[in-house]
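*Asks:* This is the structure I have questions about; it appears just below.
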Amino acid sequence: MSGLLRMGGVGGRLLMGLVLLPLSSGAVTAGERVTVDTPKRAWGTEQLLGEPDTMVAGDIQTAWASLTPDEKREWIIVGYENAVAARTLSIHETYNPGAVDRVTAFDSEGNEVVAWEGEDPTPKGSGKGISVIPIRLDFPVQRVKIYINSPAVSGWNEIDAVGLTSAEGETQWAVEAEASTTYAAQSVAVVEASDSVMMQRIEALDAEVKSLRAEVERLKAIEAELKEIKKLLQDR
């Protein structure tokens, strides 16, 4: 899931590339339906889907980020194709790690069950890391929720991917995701604001063109009247 390198920014944040969804049929789920020909939003919930693709530490668009850096506790929910007897959850933290403090799983009836609580295995200030969380539950796991104590670790606490490993040692990557917030909402707001300003400008220009056309017609009428007066004077 790599793409054309593009340097730019949204709200002062670094954009490291245009990342396209994998070329496959149908659509993937990330809190909302996203078709395969649509680029992933920078720092959007859909960045949690699939295998890791943020290979360096930093505030990079190919990982999920919350809307604000330290305003409140955040959470993400990731779902997998198959329910398995889970043994570990691997959380790929790529910016300001160390804020994960709780992991829960949902049973077949949708009940939320605590799987782990404690200090994030990836230390604060380490840049990036993979937090491997042990899971021992008496039901197959297909959907998990990760709690992030964002105020406790300064800056955006970004997550690139979450792997679920079974008792057989097979690892799945998320096929659906949702989150408490996402910085992509900020990106969309910027685009929508720009579109709104552009529409206002277009409407103003359209009104100006109509006014100019009316003025041209008025001048043409005056010109015709002057020609008529000139002709009358010549005929005397």
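Last residue of the sequence shown? That's 236 in full-length UniProt numbering, and every number before it is there in order.
The beta carbon of each residue, even a glycine, is placed where N, CA and C say it ideally should be.
(1) So, does the segment 133-147 touch the segment 83-96, judging by three or more C-beta pairs under 8 Å?
(2) Could you tell me which whole alpha helix (DSSP H) segments of length 4 or greater appear in the segment 206-233?
(3) Just to check my reading of the structure: A63 and E158 have Cβ atoms closer than 8 Å, yes? What is that Cβ distance to the nearest angstrom?
(4) Looking only at its chain, what residues have a beta carbon closer than 8 Å to the beta carbon of P97, apart from the 5 residues adjacent to it on each side?
(5) Is the beta carbon of G118 sitting closer than 9 Å to the one on D59?
(6) Taking DSSP as the reference, what is the three-state secondary structure of D37?
(7) Quick test of your reading: L67 and Y183, contact by CB under 8 Å. State the CB separation rounded to the nearest angstrom.
(8) Drop a sphere of 10 angstroms on the beta-carbon of S108, count the other beta-carbons inside from all chains shown, and report buried for 16 or more, exposed for fewer.
(9) For M199 and V216, I'd like the C-alpha separation in whole angstroms.
(10) Based on Cα-Cα distance, which residue from N82, A42, A57 lies nearest to V175?
(11) Considering Cα atoms alone, identify which of N149, I76, A115 is closest to D70.
(12) Restricting to Cα atoms, I'd like to know which of K145, L226, W116, G110 is closest to I135.
(13) Quick one: measure Cβ to Cβ for H92 and V162, integer angstroms, because I've assumed they're closer than 8 Å.
(14) Compute the beta-carbon to beta-carbon distance between T94 and T54, rounded to the nearest angstrom, for a pair I have assumed lies under 8 Å.
(15) Are the CB atoms of Y147 and V103 within a distance shorter than 9 Å?
(16) Which one or two residues does DSSP pair with Q172 in a beta bridge?
(17) Are S166 and E74 close, meaning C-beta to C-beta below 9 Å?
*Replies:* Based on what the coordinates show:
(1) By the Cβ criterion, the segment 133-147 is in contact with the segment 83-96, since at least three pairs of Cβ atoms, one from each stretch, lie closer than 8 Å.
(2) Scanning the segment 206-233 from its first residue to its last, no whole alpha helix (DSSP H) run of 4-plus residues comes out.
(3) Working through the sequence shown from its first residue, we reach residue 63 at position 63. Working through the sequence shown from its first residue, we reach residue 158 at position 158. Going by Cβ atoms, the distance from A63 to E158 rounds to 4 Å, so yes, they are a contact pair.
(4) Residue numbering aside, residue 97 sits at position 97 when the sequence shown is read from its first letter. D120, T122, P123, K124, S126, G127, K128, G129, S131, V153, N157, listed in sequence order.
(5) For the purposes of this step, residue 118 is taken as residue 118 along the sequence shown, with counting starting at 1. For the purposes of this step, residue 59 is taken as residue 59 along the sequence shown, with counting starting at 1. No, these two residues do not count as a Cβ contact at 9 Å.
(6) Against the sequence shown, residue 37 aligns to sequence position 37. Confidence at D37 is low in this model, with a pLDDT of 41, below 50, so the placement of that residue should be treated as unreliable; the coordinate-derived value is given next. Assignment of D37 by DSSP, reduced to helix, strand and coil, places it in the coil class.
(7) Within the sequence shown, numbered from 1, the residue matching residue 67 stands at position 67. Within the sequence shown, numbered from 1, the residue matching residue 183 stands at position 183. Their Cβ separation, rounded to whole angstroms, is 6 Å, which keeps L67 and Y183 in contact under 8 Å.
(8) Looking up residue 108 in the sequence shown gives position 108. Flag for S108 reads exposed.
(9) Counting from 1 along the sequence shown, the entry for residue 199 is found at position 199. Counting from 1 along the sequence shown, the entry for residue 216 is found at position 216. Using only the alpha carbons, I get a separation of about 26 Å.
(10) Position 175 of the sequence shown, counted from the first residue, corresponds to residue 175. Taking only the C-alpha atoms, the option nearest V175 is N82.
(11) Sequence index remark: in the sequence shown, residue 70 carries index 70 (1-based). Out of N149, I76, A115, N149 has the C-alpha closest to the C-alpha of D70.
(12) Residue mapping note: residue 135 aligns to position 135 of the sequence shown, counting from 1. For the residues K145, L226, W116, G110, the minimum Cα distance to I135 belongs to W116.
(13) Residue mapping note: residue 92 aligns to position 92 of the sequence shown, counting from 1. Residue mapping note: residue 162 aligns to position 162 of the sequence shown, counting from 1. Yes, they are in contact, since the Cβ atoms of H92 and V162 sit about 7 Å apart, within 8 Å.
(14) As a position in the sequence shown, residue 94 is number 94, starting the count at 1. As a position in the sequence shown, residue 54 is number 54, starting the count at 1. Right, their Cβ atoms sit about 5 Å apart.
(15) Reading the sequence shown from its first residue, position 103 is the one you call residue 103. Reading the sequence shown from its first residue, position 147 is the one you call residue 147. Yes.
(16) Taking the sequence shown and counting its residues from 1, the one referred to as residue 172 is at position 172. In the DSSP output, where bridge partners are listed per residue, Q172 has L164.
(17) Taking the sequence shown and counting its residues from 1, one reaches residue 166 at position 166. Taking the sequence shown and counting its residues from 1, one reaches residue 74 at position 74. Result no, Cβ atoms of S166 and E74 do not sit closer than 9 Å.
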